[in-house]
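First to last, the protein sequences are chains C and Y. Just so we're on the same page, my numbering is the position in the first sequence counted from 1, plus 1. Just so we're on the same page, my numbering is the position in the second sequence counted from 1, plus 242. Don't be surprised by glycine CBs; every beta carbon is placed ideally from N, CA and C. Worksheet: the structure to be examined is printed underneath.
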Amino acid sequence: MAVLELAGIAKHFGAIEALRGVDLALEPGEVLGLMGDNGAGKSTLVKIIAGNFPPSEGAIRVDGAEHHFHKPIDARRQGIEIVYQDLALCDNLTAADNVFLGREIRHSVGPFKFLNFRAMIARAAELFGELKSETRPRDLVKQMSGGQRQAVAIARTRLTESKIVLMDEPTAAISVRQVHEVLELIRRLKDTGIAVILISHRMPDVFAVCDRVAVLRRGTKVADKRVADSSPEEITGLITGAIEYA
Amino acid sequence: MQAPTPADTTRRSSVEISDVTGLRETTYWQATVANQAFWVTVTVILLCLATAYYQPDTFATKGNFFNITRNFAAIGIMAMGMTCVIITGGIDLSVGSVMALAAVVAARIMESGFEWYVAFIAGLLAGAAAGAVNGSLIAYVKLPPFVVTLGMLSIARSAAIVLSENRVIYQFGPGAETFKAIGGGQVSVPWIDGGILPLSNLFVVLVVLAVVMSIVLKFTAWGRYLFAIGGNEHAARLTGIPVDRIKLQVYILAGTTAALAAIMSVGYMGSASNGMGRMYELYVIAATVIGGANLMGGKGSIYGAFIGAALIFLIRNSLIMFGVDANWYDFFVGLFIILAVLLERLRSRQQG
Numbered sequence: 002m003a004v005l006e007l008a009g010i011a012k013h014f015g016a017i018e019a020l021r022g023v024d025l026a027l028e029p030g031e032v033l034g035l036m037g038d039n040g041a042g043k044s045t046l047v048k049i050i051a052g053n054f055p056p057s058e059g060a061i062r063v064d065g066a067e068h069h070f071h072k073p074i075d076a077r078r079q080g081i082e083i084v085y086q087d088l089a090l091c092d093n094l095t096a097a098d099n100v101f102l103g104r105e106i107r108h109s110v111g112p113f114k115f116l117n118f119r120a121m122i123a124r125a126a127e128l129f130g131e132l133k134s135e136t137r138p139r140d141l142v143k144q145m146s147g148g149q150r151q152a153v154a155i156a157r158t159r160l161t162e163s164k165i166v167l168m169d170e171p172t173a174a175i176s177v178r179q180v181h182e183v184l185e186l187i188r189r190l191k192d193t194g195i196a197v198i199l200i201s202h203r204m205p206d207v208f209a210v211c212d213r214v215a216v217l218r219r220g221t222k223v224a225d226k227r228v229a230d231s232s233p234e235e236i237t238g239l240i241t242g243a244i245e246y247a
Numbered sequence: 243m244q245a246p247t248p249a250d251t252t253r254r255s256s257v258e259i260s261d262v263t264g265l266r267e268t269t270y271w272q273a274t275v276a277n278q279a280f281w282v283t284v285t286v287i288l289l290c291l292a293t294a295y296y297q298p299d300t301f302a303t304k305g306n307f308f309n310i311t312r313n314f315a316a317i318g319i320m321a322m323g324m325t326c327v328i329i330t331g332g333i334d335l336s337v338g339s340v341m342a343l344a345a346v347v348a349a350r351i352m353e354s355g356f357e358w359y360v361a362f363i364a365g366l367l368a369g370a371a372a373g374a375v376n377g378s379l380i381a382y383v384k385l386p387p388f389v390v391t392l393g394m395l396s397i398a399r400s401a402a403i404v405l406s407e408n409r410v411i412y413q414f415g416p417g418a419e420t421f422k423a424i425g426g427g428q429v430s431v432p433w434i435d436g437g438i439l440p441l442s443n444l445f446v447v448l449v450v451l452a453v454v455m456s457i458v459l460k461f462t463a464w465g466r467y468l469f470a471i472g473g474n475e476h477a478a479r480l481t482g483i484p485v486d487r488i489k490l491q492v493y494i495l496a497g498t499t500a501a502l503a504a505i506m507s508v509g510y511m512g513s514a515s516n517g518m519g520r521m522y523e524l525y526v527i528a529a530t531v532i533g534g535a536n537l538m539g540g541k542g543s544i545y546g547a548f549i550g551a552a553l554i555f556l557i558r559n560s561l562i563m564f565g566v567d568a569n570w571y572d573f574f575v576g577l578f579i580i581l582a583v584l585l586e587r588l589r590s591r592q593q594g
C-alpha cells in the first residue's frame, strides 16, 4: 500500500494557479525524484506535503488515512520529515544540539527539567553511525563539511519513526565528493524502508539514486515513470516542454 | 610516548564512529585559551595585582573589596538579562531608563505608606512591563530591537521624571527599615585569615543570579533555544521552537533585572532619583561584550558578563588608586569595548 498518496492537489495564490490536479503515490522504501523548472510548482508541492500550508483542493493520505496539515508539526506527527534546502542548522551549536533542536531529551530534577546531554550525544552518535557518516556529535556545525551538515539534517529526520523524508535540493551547493556522500545517505534511508522525495535540478543525481521520476511543468504533472524506462534527454525535454507529455 | 606514524593516522580516520565520538573536539586548555572571558579574567587579575602593588594599604583591603563588588553588582545584575537578549541577537538600550522608572515606582509606593514588599513587587512589575512592551513590539510586530528600545530609553526616563515630580524621593513609609536593610545590608562569610569577609547584599544577589542563570543557559532547553535563535532564527522557527514567545521573555527578563538592580540600589542609597541609571546601558552592554558576547547573536556567557562588569568597575577603582583624573574613566571603558571586539575579530579570523 502507498505510504503517501496525493489526489488532485491544487493550490491557488490569488489568481495564480501554482498546482493543478497533481496525483502522486509513494511506496515505502521508494525514492522519487521530483523535477521541474523554476516556478514549476515543486516547492509548493513540497510545502503542502510538509504542512507549511494546506492545498486549495485535493486530499493527502498517509497509510490510506486522509489528513489535513496546517502546520509542519501536523505533518511531522504523521511521520513526514523534511530536510530544507538551507538545512535549517544553527552553526553556533554542536551536531547533537542541532539534531535534537526543539525535541531535546530532558530529565527531571525535582520540578525542573534539565537537558540530558549524555543521552542526546549517545543517540546522535548512533544515528550518525547508522548513516555511516563521520560526523561527531560534539563538533560545532560551523566547522563541518557540506556532507557532514547534510548528515546532521538527515539524522534529525531519523529521531522519530519517520515514514517519508522530503529533501529539497540536497546536492545543490556542495562538492562532488560530498554529493556522493549525500546520495549514500539517501540510499541508507531507502534501505530502512523510508520513502524519499528528492527535489533536484541535477539530472545525474536523480538517475543515480531514484527509482521513479516525476516531472512538473507549470503546475501540472507531465510525467511519472520509472527511471529505468526513461533517459536524461527525455526528462530534460519534459522539463522544458519540448516533449509535451510522457 | 611515540609520535604516530603516517600509517597510524590513516588507520585512525577509519575507526568506528563510536570510538571517535569519545574524543573531545578540542582540549580543555584550547577551549579556555579561545575563550574571551578567560582573557578578561587574566586582565582583572593583572590589574588587581598592579594596583595592589602600587597601593598595598588601600587597594587590597576587605573594605575596598566590599566597595568594588557592591558598585559593580547593579551593572552585573542588569548584564545577566542583557546577556540573554544579546545571545538571541537583540539589544536592549532601555535598561538604564527602566532602572530609573522601577526605582521611582518603588519609591513612590514606599512614600505612600505601603509595605516594603508591595514596593518591591511593584518595582519589579514596572520593569517587567517595560520589557514586555519592548518584547511584544520586537517579537510580534517585528520592529528592530535597536529602534524599539531606543524609544523605550526615552519613554521610561520621561515617565520616571514625571512620576517622581522631578524630585529625589527619600521619605519612605513604615517599611523603610526593611527596604533599606535589603538593599544596603551585608552578609559576612568566613575568610581565610580566620576573620570574616563582609559582602554587600547587592553582590550576593548578583552571585546567586549569576549561578542560576548559568545553569539555565547551559542545562535547560530554554537556554539552548536562546543560542539557536541567535545562531539561525529561521532554522529555530522551522524546528518548532516558539521563537516569538522566547524573544518576548528575554526582554521581560532584561526589564526585570534592571528593576531588581534599581530596587536594591534604592535600598542601598536610601533614596530614588529619576537620574538613576543614566549611561548604564553603555556599561551593561560593555560588560557583556567585553565578556565575549557577540552583538550579532548566538554567543555570550553569564560568567563573561560577570567578569566584564567587574573589569569595568575595577578600571574606575584602579584609576583613582593610580591618581588618574576620574574624567578619563569613560575613555577607558570605551577603549576596552573596542579592544574586546577587536580581539574577538582576530580570534574568529584565526579559526575561519
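Whole beta strand (DSSP E) runs in the segment 385 to 462 of chain Y with 3 or more residues, listed along the chain? Correct list: 428 to 432, 438 to 442.
Among Y:Ala398, Y:Thr391, Y:Phe356, Y:Tyr545, which one has its Cα closest to the Cα of Y:Val450? Closest option to Y:Val450, Cα to Cα, is Y:Tyr545.
Tell me where the alpha helix (DSSP H) around C:Ile10 begins and ends. C:Ile10 -> not in any alpha helix (DSSP H); beta strand (DSSP E) instead, spanning 5 to 14.
Between Y:Thr263 and C:Glu135, what straight-line distance do the alpha-carbon atoms span, to the nearest angstrom? The predicted model places Y:Thr263 with a pLDDT of 47, which falls under 50 and marks its position as unreliable, so this point remains unresolved.
Rounded separation between Y:Gln487 and Y:Phe307 - CA only: Here residue 487 of chain Y turns out to be Arg, not Gln, going by the sequence shown. Looking at the two C-alpha atoms, the distance is approximately 40 Å.
Quickly, what does DSSP pair C:Gly34 with across the bridge? List them, please. C:Leu199, C:Val214
Could you name the residues of the segment 168 to 179 of chain C whose beta carbon sits closer than 8 Å to any beta carbon of chain Y, in the order they occur along the chain? none
If I measure Cβ to Cβ from Y:Ala370 and keep anything under 6 Å in the same chain, skipping five residues before and after, which residues do I get? Counting only residues of its own chain and dropping the five nearest sequence neighbours on each side, Y:Ala370 has a CB closer than 6 Å to the CB of Ile494, Gly497, Thr498.
My understanding is that Y:Phe362 touches Y:Ile505, with C-beta atoms under 8 Å, so please give their C-beta distance in whole angstroms. 6 Å
For the beta strand (DSSP E) containing C:Ser109, name the first residue and the last one. Boundaries of the beta strand (DSSP E) harbouring C:Ser109: 107 to 110, taken from the DSSP string.
If I measure Cβ to Cβ from Y:Leu265 and keep anything under 6 Å in the same chain, skipping five residues before and after, which residues do I get? Since pLDDT at Y:Leu265 reaches only 48, below the 50 mark, its modelled position is unreliable, and the value read off the structure follows with that caveat. Excluding sequence neighbours, Y:Leu265 sits near nothing in its chain.
Given a cut-off of 7 Å on the beta-carbon distance, is the pair Y:Leu480 and C:Ala89 in contact? yes
Just to confirm, is the Cβ distance from Y:Ile471 to Y:Ala477 under 7 Å? no
Tell me, please, whether the CB atom of Y:Ile483 is closer than 7 Å to any CB atom in chain C? yes
Would C:Phe54 count as contacting chain Y if we go by Cβ distances under 7 Å? no
How about C:Gly103: is its C-beta nearer than 7 Å to some C-beta of chain Y? yes
Can you give me the C-alpha to C-alpha distance between C:Leu141 and Y:Val410, rounded to a whole angstrom? Taking the straight line joining both Cα atoms gives about 52 Å.
Report the start-end ranges of each alpha helix (DSSP H) in the segment 494 to 577 of chain Y that is 4 residues or longer and not cut off at the edges. 522 to 532, 544 to 563
When you compare the segment 333 to 345 of chain Y with the segment 396 to 411 of chain Y, are there three or more beta-carbon pairs, one atom per stretch, that lie closer than 8 Å? yes
Rounding to the nearest angstrom, what Cα-Cα distance links C:Gly40 and C:Gly148 in this structure? 27 Å
Y:Asn474 CB to nearest chain C CB: under 7 Å? yes
How far does the alpha helix (DSSP H) with C:Phe115 in it reach, from first residue to last? C:Phe115 -> not in any alpha helix (DSSP H); beta strand (DSSP E) instead, spanning 113 to 116.
In the DSSP assignment, find the alpha helix (DSSP H) that holds C:Arg62 and state where it starts and stops. Segment 58 to 63 is the beta strand (DSSP E) holding C:Arg62; no alpha helix (DSSP H) there.
Using 10 angstroms around the beta-carbon of Y:Pro386, count the other beta-carbons present and answer buried if the total reaches 16, otherwise exposed. It counts as exposed.
If we ignore side chains and look at the alpha-carbon of each, how far apart do Y:Ala463 and C:Val110 end up? 14 Å
Residues in the segment 103 to 129 of chain C having any Cβ partner in chain Y nearer than 9 Å: Gly103, Arg104, Glu105, Arg107, Phe113, Lys114, Phe115, Leu116, Phe118, Ile122, Ala123, Ala125, Ala126, Glu127, Phe129
Residue closest to C:Lys145, alpha-carbon to alpha-carbon, out of C:Leu160, C:Ala76, C:Ala123, C:Thr95: Note that residue 145 of chain C is Met in the sequence shown, not Lys. Nearest option by C-alpha distance: C:Thr95.
Starting from Y:Ala368, follow the alpha helix (DSSP H) in both directions and report where the run begins and ends. 358 to 381
Using three-state DSSP, classify C:Ala125 as helix, strand or coil. In this structure, DSSP gives C:Ala125 a helical state, which the three-state scheme calls helix.
With a threshold of 7 Å on Cβ separation, who are the neighbours of C:Lys191 within its own chain once the five nearest residues in sequence on each side are excluded? Gly30, Val32, Val197
Who are the Cβ neighbours of C:Arg107 in its own chain at under 7 Å, not counting the five residues just before and after it? Lys114, Phe115, Leu116, Asn117
So within the segment 159 to 199 of chain C, which uninterrupted beta strand (DSSP E) runs reach at least 3 residues, ignoring any that extend past its ends? 165 to 169
From C:Val153 to C:Arg178, what does the alpha carbon distance come to, in whole angstroms? 17 Å
From this set, Y:Thr420, Y:Ala374, Y:Ser396, Y:Val327, which residue's C-alpha is nearest Y:Phe356's C-alpha? Y:Thr420
Anticipated Cβ contact below 8 Å, C:Arg213 with C:Arg203, distance rounded: That pair is no contact at about 16 Å.
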